[in-house]
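K.L.:
Quick one: structure below, then a few questions.
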Amino acid sequence: GIPAGSTIEIDARFESVHEGILVTGDAFATASGECSRCLDPIDSAVEVEFQELFAYSGTSEDDFVVENESIDLDQVIRDAVVLSLPFQPVCSAGCKGLCVTCGAKLNEDPQHAHEAPVDPRWNALTNLKED
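Numbering-wise (the working numbering), the sequence shown opens with residue 3 and increments by one.
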């Protein structure tokens, strides 16, 4: 996500229309998090477009309205940025993630391997020895 207190740059255009004020713009920020495959920290640039009409009088609870001759862009920008964030961010498209057995980072050791586990139905035979 976007860390609290981070700077979000906004390039916006405000147009007076019959119904209210139409706000169109772009928001730029840096998202921080961890790779969903290998858990390494990652930062990525976020750029989103937004457009919203702030009505002079709200007709429903979902409408954004002009209040005391001002508008509040917080919710509009928050919604646009949050919806643009990846659900499972990755450090790179080729990230191999972690070993499911021991948790080793497969990006650092691509030859990492474990012996295949013995099927529990055959466990009784592991104690038998050839003569």
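Every residue gets a Cβ at the ideal spot worked out from N, C-alpha and C, and that includes glycine.
How is the beta strand (DSSP E) around Ile44 delimited, first residue to last?
P.N.:
Translated into positions along the sequence shown, residue 44 becomes position 42. It spans 43-57 - the beta strand (DSSP E) in which Ile44 sits, taken as one unbroken run.
K.L.:
Compare the Cα-Cα distances from Ser46 to each of Ser94, Lys98, Thr26, Leu127 and report the closest residue.
P.N.:
As a first step, residue 46 must be located in the sequence shown, where it is residue number 44. Cα-wise, what sits closest to Ser46 is Ser94.
K.L.:
Check whether the Cβ atoms of Phe52 and Gly27 sit closer than 9 Å, and answer yes or no.
P.N.:
Residue 52 sits at position 50 when you count from the first residue of the sequence shown. Residue 27 sits at position 25 when you count from the first residue of the sequence shown. Yes, Cβ-Cβ distance for Phe52 and Gly27 is below 9 Å.
K.L.:
Taking all protein chains shown into account, decide if Ile12 is buried (16 or more other Cβ within 10 angstroms of its Cβ) or exposed.
P.N.:
The residue labelled residue 12 in the question sits at position 10 within the sequence shown. Ile12 is exposed by the Cβ-count criterion.
K.L.:
Do Ile23 and Pro91 count as a contact pair if the criterion is CB distance below 9 Å?
P.N.:
Locating residue 91 in the sequence shown gives position 89, where the first residue counts as 1. Locating residue 23 in the sequence shown gives position 21, where the first residue counts as 1. No, the pair does not count as a contact, with Cβ atoms beyond the cut-off.
K.L.:
With DSSP run on the structure shown, which of helix, strand or coil describes Ile79?
P.N.:
Residue 79 sits at position 77 when you count from the first residue of the sequence shown. Ile79: helix per DSSP, three-state reduction.
K.L.:
My output table needs one value for Val120: the three-state DSSP class, helix, strand or coil.
P.N.:
Along the sequence shown, one-based indexing puts residue 120 at 118. Val120: coil per DSSP, three-state reduction.
K.L.:
What does a CB cutoff of less than 7 Å around Leu108 pick up in its chain, not counting 5 residues either side in sequence?
P.N.:
Counted from its first residue, the sequence shown places residue 108 at position 106. So the list reads Lys98, Gly99, Leu100, Cys101, His114, once near-sequence residues are dropped.
K.L.:
Let me know if Phe89 comes out buried or exposed under the rule of 16 or more other beta-carbons within 10 Å of its beta-carbon.
P.N.:
The count along the sequence shown starts at 1 and reaches residue 89 at position 87. Classification for Phe89: exposed.
K.L.:
Taking the C-alpha atoms as reference points, what is the distance between Val78 and Glu54?
P.N.:
As a working note, residue 78 is residue 76 in the sequence shown. As a working note, residue 54 is residue 52 in the sequence shown. Computed Cα separation, rounded: 7 Å.
K.L.:
Assign Val120 to buried or exposed, taking buried as 16 or more other Cβ atoms, counted over all protein chains shown, within 10 Å of its Cβ.
P.N.:
The residue you call residue 120 lines up with position 118 of the sequence shown. By the 10 Å Cβ count, Val120 comes out exposed.
K.L.:
Can you name, in chain order, every residue of its own chain whose Cβ lies under 8 Å from the Cβ of Gly3, other than the five neighbours on each side?
P.N.:
For the purposes of this step, residue 3 is taken as the residue at position 1 of the sequence shown. Correct list, in chain order: Ala33, Ser34, Gly35, Val84, Leu87.
K.L.:
Between Glu21 and Ala57, how many whole angstroms is the CB-CB distance? I'm expecting something under 8 Å.
P.N.:
As a working note, residue 21 is residue 19 in the sequence shown. As a working note, residue 57 is residue 55 in the sequence shown. Contact between Glu21 and Ala57 is confirmed by a C-beta separation of about 6 Å, below the 8 Å threshold.
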